[in-house]
Amino acid sequence: MRSLSVGGSAAVLLGLAAAAPPPHKHRAPHYAASQWRADAVKKAFQVSWDGYYKYAFPHDSLRPVTNRYADDRNGWGASAVDAFSTALVMENWDVVDQILEYVPTIDFDNTTTEVSLFETTIRYLGGLVSAYDLITSPFTAHSCKTSDVDAILRQATRLADNLKVAFDTPSGVPDNNLYFNPPRKGGSTTNGIATIGTLVLEWTRLSDLTDDAEYAKLAQKAESYLLRPQPESGEPFPGLLGTNVRLSDGQFVDSNGGWGGGTDSFYEYLIKMYLYDPERFAEYKDRWIAAADSSIKYLVSHPTTRPDLTFLAMWQGKELRFFSEHLACFNGGNFILGGLTLNEPAYTDFGLALVDGCHATYTATATGIGPEIFAWQDARQPLNATNNPPAPADHAGFYNASGFWITNGNYVLRPEVIESYYYAYRATGDTKYQEWAWEAFERVNRTCRAGSGYSSIRDVNQPGGGGFHDFQESFWFAEVLKYSYLIHAEDAPWQVKADHTNQFVYNTEAHPIRVAGAWGTAKPWR
Ligand SMILES: *[C@@H]1O[C@H](CO)[C@@H](O)[C@H](O)[C@H]1NC(C)=O
Ligand SMILES: *[C@@H]1O[C@H](CO)[C@@H](O)[C@H](O)[C@H]1NC(C)=O
Ligand SMILES: *[C@@H]1O[C@H](CO)[C@@H](O)[C@H](O)[C@H]1NC(C)=O
Ligand SMILES: *[C@@H]1O[C@H](CO)[C@@H](O)[C@H](O)[C@H]1NC(C)=O
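Numbered by my numbering, the letters in the sequence shown go through residues 317 to 842 in order.
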């Protein structure tokens, strides 16, 4: 349902004509698949999987340089579960069958290390629910044993049943840090808005699949404190919040925020919940619109040396901070998805400008890969303002040429820039975004290929990447390889759509979740 007042406000903020855009402004663009590029990404997936399967499976992650493993996500096989939905959309049935066989054997009752509610939800719960949705969809041409398929949902439910204790706090805001055997809380007193607000898609989907309303209820109760933030200082700009919330009463304890790590996917999920089910999640949509409009009104920033680039500032109270992160580069894609979903081209266009900014962080470096954290000097604020320092002397040359300087040069196989290229391509059909995604993939393939897989690197601005961390993140499988593949692949029911025909919505780990009501019924079809 589009809202005229909303559309008008974004258009006015952008200085555009306030005339109401025609309904269904967004039509499906023409998409051009590239078989050889899609195949090259599939090959990289197979290399990464083979290294993992040989040296690390069923542990969490591969250390590709030394052919060792790490159990960084509780030892439940994080890379296998994160690779599941990617193997499915790539129709790599050999790998699908390996994972299918493994899932029933995971002991989700036992782990010796601390459990993150957030990380476990987005990777394991999201990965399982997504695989279940994809396998049970009428579009998946792969026959699986019913018992294997049932086991996916049973394991997701078992995991969520163990995680549920997190919400047993006075407010219902969960403790993010848990221990198992038996499941219990770690004793946190606060939690952040990303770790609170990035549960609701996965937990709601689990309720819809199992017909047990409790999971959705728990996640939505927690989210309610973020939809209606208290006290006022928790919302320094309309829709833009602080970071930390008390478990005792759900009150915000600070006013600092941004679209970066710790807060990012709270904003991301507001519009994605509306896409999941516009009837149940209209309030989430209103809050996304408030956040998006405030971002356009208050946070937009252009660097002094490259006023053509658009970044979003972070904030401390009402004062801005001019730095951003690779993580925040999902924002372009999220604005584009909002524009498509709400029929509001102003959001799409703004998202495309953010995509350009993040593209510039890639093309400026020695490796052609963007940094973990970067900063700039804002062109509108006084240059002597204490919150607007110039580039340090040793970064001034780079800043003059590039419009940002690097404050942390790591690249840990993050997806956000390629993810936003993917949304930009699906919204516009402009092959420029396929070229950008291909270039980024080639650069990552060249720089991060190490030993039996791919590794995160230390310095994107050194030729060769400045050394390996010897670590292949599980989200390399879930996200980087998936978005790199999908942007070149044939159209498919799980692809993001520009014309209001989405059958899936992607969780923050890039696991496609079937939208409520897709293909006829909110319930599994089998
Ligand atoms: C739990 O996992 C640890 C580490 O893998 C293992 O040593 C222990 O035997 C397991 N406990 C149970 C009850 O399965
Ligand atoms: C910045 O410069 C302006 C104009 O020269 C001056 O009025 C102001 O006091 C300066 N502000 C700071 C924080 O130095
Ligand atoms: C960067 O640009 C500024 C302003 O044009 C100039 O004063 C400075 O010398 C330049 N620095 C470098 C290292 O190029
Ligand atoms: C990726 O890297 C591998 C190993 O260096 C190479 O064989 C392959 O051609 C590369 N793929 C692309 C698309 O550049």
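Glycine included, C-beta positions come from ideal geometry on N, C-alpha and C.
Say the cut is 6 angstroms; is the CB of residue i nearer than that to a heavy atom of ligand 4?
i, result
"Ala753", "no"
"Arg759", "no"
"Arg765", "yes"
"Ala356", "yes"
Tell me which residues share the same chain as residue i and place their Cβ nearer than 6 angstroms to its Cβ, disregarding the 5 neighbours each side in the sequence.
i, result
"Gly442", "Glu518, Asn823, Glu825 and His827"
"Tyr368", "Leu378 and Ser395"
"Tyr583", "Ala607"
"Ser319", "Residue placement at Ser319 is flagged as unreliable, the pLDDT there being 32, under the threshold of 50; the coordinate-derived value follows with that caveat. Once the five neighbours on either side are set aside, Ser319 has no close Cβ partner at all."
"Ala766", "Pro380, Val381 and Phe784"
"Ser549", "Ser571"
Could you give the DSSP three-state label for residue i: helix, strand or coil?
i, result
"Pro454", "coil"
"Trp835", "helix"
"Ser401", "helix"
"Phe361", "helix"
"Ala326", "Low per-residue confidence applies at Ala326: pLDDT is 41, beneath 50, and the placement is therefore not dependable, though the value from the model is reported in the following sentence. DSSP places Ala326 in helix when its eight states are reduced to three."
"Val431", "strand"
"Trp721", "strand"
"Val812", "coil"
"Pro619", "strand"
"Ala766", "strand"
"Asp694", "strand"
"Met630", "strand"
"Glu641", "strand"
"Tyr822", "strand"
"Pro705", "coil"
"Phe787", "coil"
"Ala386", "strand"
"Arg830", "strand"
"Asn426", "coil"
"Tyr347", "coil"
"Thr506", "strand"
"Arg470", "helix"
"Arg439", "helix"
"Arg379", "strand"
"Val445", "helix"
"Ile685", "coil"
Any heavy atom of ligand 2 closer than 6 angstroms to the CB of residue i?
i, result
"Asn703", "no"
"Pro706", "no"
"Pro698", "yes"
Closer than 6 angstroms to a non-hydrogen atom of ligand 1 - does that hold for the CB of residue i?
i, result
"Thr428", "yes"
Taking the C-alpha atoms as reference points, what is the distance between residue i and residue j?
i, j, result
"Gly833", "Trp352", "35 angstroms"
"Lys479", "Ala535", "Checking the displayed sequence, the identity of residue 479 turns out to be Leu instead of Lys. One C-alpha to the other measures close to 11 angstroms."
"Glu806", "Ser571", "44 angstroms"
"Thr382", "Ala399", "21 angstroms"
"Glu310", "His675", "As displayed, the chain neither begins before 317 nor continues past 842, which places residue 310 out of reach and without an answer."
"Asp815", "Ile587", "16 angstroms"
"Tyr347", "Thr744", "9 angstroms"
"Asp775", "Tyr737", "23 angstroms"
"Gly573", "Leu628", "11 angstroms"
"Ser768", "Pro380", "5 angstroms"
"Tyr727", "His711", "19 angstroms"
"Phe373", "Phe666", "42 angstroms"
"Arg603", "Pro554", "9 angstroms"
"Ala510", "Gly502", "18 angstroms"
"Gly719", "Asp694", "10 angstroms"
"Tyr715", "Glu435", "35 angstroms"
Answer yes or no: the CB of residue i versus the heavy atoms of ligand 3, is any distance below 6 angstroms?
i, result
"Asn716", "yes"
"Ala695", "no"
"Ala712", "yes"
By Cβ distance, which residues of its chain are closer than 8 angstroms to residue i, with the 5 residues on each side in sequence left out?
i, result
"Arg696", "Ser617 and His618"
"Asp376", "Tyr385, Ala386, Asp387, Asp388, Arg389, Asn390, Gly391, Trp392, Gly393, Ala394, Ser395 and Ser790"
"Asp425", "Arg474, Asn478, Phe496 and Asn497"
For residue i, which residues of its own chain have a beta-carbon under 7 angstroms away from its beta-carbon, when the five flanking residues on both sides are left out?
i, result
"Tyr418", "Pro374, Gly393 and Ala396"
"Pro490", "Leu433, Ala482, Phe483, Asn507, Ile512 and Ala538"
"Ser540", "none"
Quick test of the definition: if touching needs 3 or more C-beta pairs under 8 angstroms, does the region 582-602 touch the region 619-635? No, the region 582-602 does not touch the region 619-635.
Check whether the region 678-687 and the region 773-791 touch, using three or more Cβ-Cβ pairs below 8 angstroms as the test. The answer is yes - the region 773-791 touches the region 678-687, with three or more Cβ pairs under 8 angstroms.
Contact between the region 449-468 and the region 478-487 (3+ Cβ pairs under 8 angstroms): They do not touch, by the three-pair rule.
For the structure I just gave you, are there three or more beta carbon pairs, one from the region 688-695 and one from the region 638-650, closer than 8 angstroms? These segments touch.
Could you tell me whether the region 620-627 touches the region 650-662, using the rule of 3 or more Cβ pairs below 8 angstroms? The region 620-627 vs the region 650-662: no contact.
Would you say the region 786-803 touches the region 350-364, given that touching needs at least three Cβ pairs under 8 angstroms? Enough Cβ pairs lie closer than 8 angstroms, so yes.
With a threshold of 8 angstroms, are at least 3 pairs of Cβ atoms found where one atom belongs to the region 440-456 and the other to the region 492-507? By the C-beta criterion, the region 440-456 is judged not to be in contact with the region 492-507, since fewer than 3 inter-stretch pairs fall below 8 angstroms.
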